[in-house]
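**Student:** This is the structure I have questions about; it appears just below.
Protein chains in written order, with this note's numbering: chain A, 642 to 896; chain B, 5 to 309.
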């Protein structure tokens with residue numbers, strides 16, 4: 642039995658969602674680790690694009706932000722911001738993208754703008770960055786986050802990045818490309834049903850249905866064939882700890 | 005006509021109270037030294053814009069320079085919140101600010117419309133989000149053609165009174181060359197009435213003309229050129245110095261209170277006369293750690309015709 646942290650499980654599980662021929666719009670932190678993990682294990686040709694305009698980046702160390710110079714050195718290309726958003730993203734060249742946020746609702750709509758009222762906020766968050774653009778123009782989007790009732794309310798305070806809006810049909814009618822594919826938390830992996838509503842596909846080892854229900858702001862449903870999330874192997878853990886995040890910036894035992 | 009001068013003169017000549025000031029450089033080549041000079045000159049009613057406000061806007065907001073902020077991602081990149089920005093929005097400290105916000109695509113589209121002298125540009129974003137409801141600049145127009153979608157969001161031009169950008173090098177005419185992330189620099193320059201360009205190195209015109217593809221802003225749109233090495237610290241300049249991540253982490257602590265920022269500004273901005281004085285105050289050892297090893301691009305053959 643290999644020992645692993647919640648974050649390491651989330652990295653290895655998220656990496657499985659990426660295919661060898663995908664072009665992925667990467668974020669920093671855990672998504673960056675998941676993408677680099679996939680590239681080193683099963684998807685060597687994975688093309689990593691960052692919203693700062695670096696194309697096919699090959700970072701030699703952990704980037705500290707989406708604009709880190711390590712994403713430029715040895716990249717396949719660098720394009721101006723306008724071209725990145727117009728040609729690559731809007732033009733339909735991004736297969737997969739990672740999103741984060743303070744709140745996610747049952748249709749995968751994400752809030753990273755404000756807690757409370759927009760004009761009189763309780764907490765002002767950073768805002769969209771490229772998130773709304775990625776959520777609107779990518780075939781498959783992924784969310785990696787911790788699992789709590791505060792983070793999974795029935796309705797978000799503000800829709801920064803549209804998921805299935807009010808259901809798959811709603812998203813389609815609005816002419817948005819793709820949609821949310823999976824939500825990976827420290828308790829479970831969620832997918833979206835035919836109507837565009839989130840359901841639990843697998844529980845992590847040691848997590849119960851009650852744990853997930855308690856940490857979710859609505860009566861989330863479970864797959865008929867509810868399974869257990871696959872755990873990292875020894876080789877994977879070694880790759881993360883020795884190579885991808887040797888200083889434990891994102892995977893430290895404090896997690 | 006492009007004037008070569010110092011930052012204090014460029015800022016006081018170019019910038020008037022009440023102006024819209026855009027600081028270019030998307031996560032790279034952030035004009036920190038220029039922002040510090042704006043603080044030193046005690047402007048207090050500027051409409052400031054940046055896609056990523058970063059620490060420089062946190063400082064300008066805490067110093068009371070801003071009455072309005074246009075932006076698309078207001079965080080301390082890789083670290084967390086911009087605390088002064090949040091205090092201004094949440095509590096009106098030190099003064100209330102109006103906010104005008106977009107996604108990154110919305111932001112660069114506004115600059116692009118401004119650079120092209122267009123009344124608006126269409127883009128596939130914002131549909132299904134709550135932004136149009138809260139920002140009247142984001143509107144829908146009907147597609148005049150028989151194609152999908154029937155309606156598409158548009159954003160209007162952003163035409164700064166003054167844009168300040170940085171580049172690795174330029175000649176005295178202001179022909180600016182950048183490598184690494186080029187971001188919003190070209191659009192921000194073409195959209196503005198007045199452009200201040202600060203560079204790591206002022207070079208001979210021959211150097212620029214030896215590699216014309218690398219010029220991303222022509223001197224014809226630049227009004228003031230300032231040679232200011234390390235003027236992006238604690239941000240970075242590709243091939244010159246890395247981001248001073250320790251400074252970004254320390255800012256999270258310094259910016260916990262308005263008083264903390266005021267003390268920092270007293271020492272590092274008001275307490276020095278120029279960016280050169282600021283550099284002298286920095287820990288040299290820490291700075292040397294930021295210098296990357298060299299990694300030269302293979303020269304290209306432009307051809308002699």
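Even glycine gets a Cβ: it sits at the ideal position worked out from N, Cα and C. In this text, all values refer to a predicted model and were calculated from it rather than measured experimentally.
Taking 7 Å as the cut-off, decide whether the C-beta atoms of residue 669(A) and residue 706(A) are in contact.
**Tutor:** yes
**Student:** When we look at the beta-carbon of residue 709(A) and count the other beta-carbons within 10 Å, is it buried (16 or more) or exposed?
**Tutor:** buried
**Student:** Between the stretch 229-248 of chain B and the stretch 209-221 of chain B, are three or more C-beta pairs nearer than 8 Å?
**Tutor:** Output reads no: the stretch 209-221 of chain B does not touch the stretch 229-248 of chain B.
**Student:** Assign residue 731(A) to one of three DSSP states: helix, strand, or coil.
**Tutor:** helix
**Student:** Could you tell me how far apart the beta carbons of residue 782(A) and residue 820(A) are, in whole angstroms, since I believe they sit closer than 8 Å?
**Tutor:** 7 Å
**Student:** For a cutoff of 7 Å on Cβ pairs, would you count residue 809(A) as touching chain B?
**Tutor:** Taking CB atoms only, residue 809(A) has no neighbour in chain B less than 7 Å away.
**Student:** What did DSSP end up calling residue 648(A) once you bin it into helix, strand or coil?
**Tutor:** helix
**Student:** Would you please verify whether the beta carbon of residue 714(A) is less than 7 Å from any beta carbon of chain B?
**Tutor:** yes
**Student:** Identify whether residue 802(A) lies in helix, strand or coil by the three-state DSSP scheme.
**Tutor:** strand
**Student:** When you check each C-beta in the stretch 100-129 of chain B against every C-beta of chain A, which residues fall closer than 9 Å?
**Tutor:** 103, 105, 106, 107, 108, 109, 110, 111, 112, 113, 115, 116, 127, 128 and 129
**Student:** What do you get for residue 893(A), buried or exposed, if any count of 16 or more other CB atoms within 10 angstroms of its CB means buried?
**Tutor:** It counts as exposed.
**Student:** Measure the C-alpha to C-alpha separation of residue 977(A) and residue 694(A) and round it to an integer number of angstroms.
**Tutor:** Limits of chain A in this structure are 642 at one end and 896 at the other, which puts residue 977(A) out of reach.
**Student:** Any idea what DSSP makes of residue 276(B), helix, strand or coil?
**Tutor:** coil
**Student:** Are there three or more Cβ pairs, one per stretch, closer than 8 Å when the stretch 154-163 of chain B is compared with the stretch 109-123 of chain B?
**Tutor:** yes
**Student:** Using a Cβ-Cβ cut-off of 7 Å, state whether residue 854(A) counts as contacting chain B.
**Tutor:** no
**Student:** Shorter than 7 Å from the beta carbon of residue 66(B) to some beta carbon of chain A?
**Tutor:** no
**Student:** Beta-carbon within less than 8 Å of residue 690(A)'s beta-carbon, same chain only, minus the 5 sequence neighbours each way: which residues are those?
**Tutor:** Around residue 690(A): 664, 665, 666, 667, 696, 697, 698, 725, 729 and 735.
**Student:** Tell me the start and end of each unbroken beta strand (DSSP E) in the stretch 55-124 of chain B that is at least 3 residues and wholly inside, in chain order.
**Tutor:** 70-75 and 102-105
**Student:** Rounded to a whole number of angstroms, what is the C-alpha to C-alpha distance between residue 644(A) and residue 822(A)?
**Tutor:** 28 Å
**Student:** Report yes or no: do the stretch 77-95 of chain B and the stretch 275-286 of chain B share at least 3 C-beta pairs separated by less than 8 Å?
**Tutor:** Proximity of the stretch 77-95 of chain B to the stretch 275-286 of chain B falls short of the contact definition, fewer than three beta-carbon pairs being nearer than 8 Å.
**Student:** Is the separation between the beta-carbon of residue 815(A) and that of residue 125(B) shorter than 7 Å?
**Tutor:** no
**Student:** Any Cβ of chain B within less than 7 Å of the Cβ of residue 722(A)?
**Tutor:** yes
**Student:** Taking CB distances under 7 Å as the criterion, tell me whether residue 212(B) reaches chain A.
**Tutor:** no
**Student:** Quick check on residue 260(B): does DSSP put it in helix, strand or coil?
**Tutor:** coil
**Student:** What residues from the stretch 166-184 of chain B come within 7 Å of chain A, judged by C-beta to C-beta, listed N to C?
**Tutor:** 184
**Student:** Contact criterion: CB-CB distance below 7 Å. Does residue 93(B) meet it with respect to chain A?
**Tutor:** yes
**Student:** Would you check if there are 3 or more beta carbon pairs closer than 8 Å linking the stretch 134-141 of chain B to the stretch 163-183 of chain B?
**Tutor:** no
**Student:** So, is the C-beta of residue 896(A) closer than 7 Å to a C-beta in chain B?
**Tutor:** For residue 896(A), the predicted structure reports a pLDDT of 40, less than 50, and the residue's modelled location is therefore unreliable. The matter cannot be settled from this model.
**Student:** Beta strand (DSSP E) containing residue 840(A): first to last residue?
**Tutor:** 839-844
**Student:** Buried or exposed: where does residue 649(A) fall if 16 or more other Cβ atoms within 10 Å of its Cβ makes it buried?
**Tutor:** buried
**Student:** In whole angstroms, what separates the C-alpha of residue 833(A) from that of residue 768(A)?
**Tutor:** For residue 833(A) and residue 768(A), the gap between their C-alpha atoms comes out near 25 Å.
**Student:** Given a limit of 7 Å on CB to CB distance, which residues of the stretch 140-160 of chain B reach chain A?
**Tutor:** 152 and 153
**Student:** Which first and last residues belong to the beta strand (DSSP E) in which residue 157(B) is found?
**Tutor:** 155-159
**Student:** Rank 827(A), 765(A) and 806(A) by C-alpha distance to the C-alpha of residue 79(B) and give the top, closest one.
**Tutor:** Ranking 827(A), 765(A) and 806(A) by CA distance to the CA of residue 79(B) puts 765(A) first.
**Student:** State yes or no: is the C-beta of residue 827(A) within less than 7 Å of the C-beta of residue 777(A)?
**Tutor:** Their beta carbons are not under 7 Å apart, which means residue 827(A) does not touch residue 777(A) by this criterion.
**Student:** Check distances from the C-beta atoms of the stretch 655-678 of chain A to those of chain B and list, in chain order, the residues that come in under 7 Å.
**Tutor:** 669
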